[in-house]
Amino acid sequence: MDGSGRPLTGQATLRVLDARFPVQRLTVPRPFVELDAATLERVNLEKALLDQVWETLTPERYWRDPFRVPLDGAGPAYGFGLRRIINGEPRSPHTGADFAASAGATVRAANAGIVALVADHFFAGRSVILDHGLGLYTMYFHLQESLVQPGQRVERGEIIARVGSTGRATGPHLHWGARLYGARIDPQELLKPLPLE
49 MDGSGRPLTG
59 QATLRVLDAR
69 FPVQRLTVPR
79 PFVELDAATL
89 ERVNLEKALL
99 DQVWETLTPE
109 RYWRDPFRVP
119 LDGAGPAYGF
129 GLRRIINGEP
139 RSPHTGADFA
149 ASAGATVRAA
159 NAGIVALVAD
169 HFFAGRSVIL
179 DHGLGLYTMY
189 FHLQESLVQP
199 GQRVERGEII
209 ARVGSTGRAT
219 GPHLHWGARL
229 YGARIDPQEL
239 LKPLPLE
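Quick look at the structure:
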């Protein structure tokens with residue numbers, strides 16, 4: 049939507065790649081896969097809140113530089129698209145890139161944006177979501193603590209959180225995700241030059 053609430057339209061050519069993703073087998077505590085009624089209600093409320101975030105289209109572009117990896121000295125990320133088997137049951141594919149890191153490690157904004165959400169969700173744990181404008185969001189999950197507030201403007205490389213293992217996590221790591229117009233994308237693609245000029 050533009051500043052007057054009118055829909056913005058555009059055209060782009062996308063190349064769809066055939067991809068085969070490996071299988072990941074995880075074991076987590078049963079309450080994280082067999083949800084009771086109260087937990088299911090909580091998860092549904094959290095999903096509705098996230099849907100509201102994805103439906104918000106900020107017409108301004110906040111970033112000006114290339115995106116950066118959100119952890120200093122991070123090794124390669126893994127996991128986007130993994131087909132997951134959790135406690136022996138097939139589950140949704142993994143939709144982020146995971147970075148192994150020590151608990152308390154510094155998490156930095158991948159680029160400039162506005163803090164769209166700070167929350168503690170059942171699956172994602174403590175979370176920060178940044179709105180980079182033009183329908184682009186990045187997510188930082190399983191945090192030990194967040195160091196920003198909703199509505200706060202952050203700059204590329206600014207410290208926003210610390211790595212943790214909250215939510216459905218098997219140990220300390222950073223789950224870094226991205227959405228573009230609500231669609232899940234591999235956040236590592238943002239590290240490549242973006243053809244927006």
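What the sequence shown shows, in our numbering, is residues 49 to 245, in sequence order.
Heads up, the beta-carbon is just placed ideally off N, CA and C, and yes, glycines get one too.
It should be emphasised that the depicted structure is a prediction, and the values quoted were computed from it without experimental measurement.
Helix, strand or coil, according to DSSP, for alanine 151 in the structure here?
Coil.
Can you give me the Cβ contacts of proline 220 inside the same chain, cut-off strictly under 7 Å, excluding the 5 residues immediately before and after it?
Ala149, Ser150, Ala151, Val211, Gly212 and Ser213.
Which residue comes first and which comes last in the alpha helix (DSSP H) that contains alanine 86?
Per DSSP, alanine 86 belongs to the alpha helix (DSSP H) from 85-103.
Could you round the C-beta distance between arginine 216 and phenylalanine 171 to whole angstroms and report it? I think they count as a contact, below 8 Å.
With 8 Å as the limit, arginine 216 and phenylalanine 171 qualify as a contact, their Cβ atoms being about 5 Å apart.
With three or more beta-carbon pairs closer than 8 Å as the criterion, would you say the region 180-195 touches the region 103-111?
Contact holds: three or more Cβ-Cβ distances are below 8 Å.
Indicate whether isoleucine 208 and valine 176 have their beta-carbon atoms separated by less than 7 Å.
Yes; because the gap between Cβ atoms is below 7 Å, this pair is in contact.
Return the chain-ordered list of same chain residues with a C-beta closer than 7 Å to the C-beta of glutamine 197, the five sequence neighbours on each side being excluded.
Cβ within range, chain order: Val163 and Val166.
Does the beta-carbon of glycine 225 have 16 or more other beta-carbons within 10 angstroms, so that it is buried, or is it exposed?
The residue is buried, with at least 16 neighbouring Cβ atoms inside 10 Å.
Quick one: what's histidine 221 bridged to in DSSP?
Paired residue(s): Ala148 and Gly212.
Using 10 angstroms around the beta-carbon of alanine 231, count the other beta-carbons present and answer buried if the total reaches 16, otherwise exposed.
The residue is exposed, with fewer than 16 neighbouring Cβ atoms inside 10 Å.
Just grab the DSSP bridge partners of phenylalanine 189 for me.
Answer is His223, bridged to phenylalanine 189.
Comparing alpha-carbon positions, which option in Gly161, Leu228, Phe189 and His223 lies nearest valine 202?
Comparing Cα positions, the closest option is Gly161.
Do you know how far the Cα of proline 114 is from the Cα of proline 241?
Straight-line Cα distance between these residues: approximately 6 Å.
Let me check one thing: in DSSP terms, what residues is glutamate 82 bridge-paired to?
Per DSSP, none; premise fails for glutamate 82.
Could you tell me which of Phe147, Leu228 and Leu238 sits nearest to aspartate 99, measuring between CA atoms?
Checked all of Phe147, Leu228 and Leu238; the closest Cα to aspartate 99 is Leu228.
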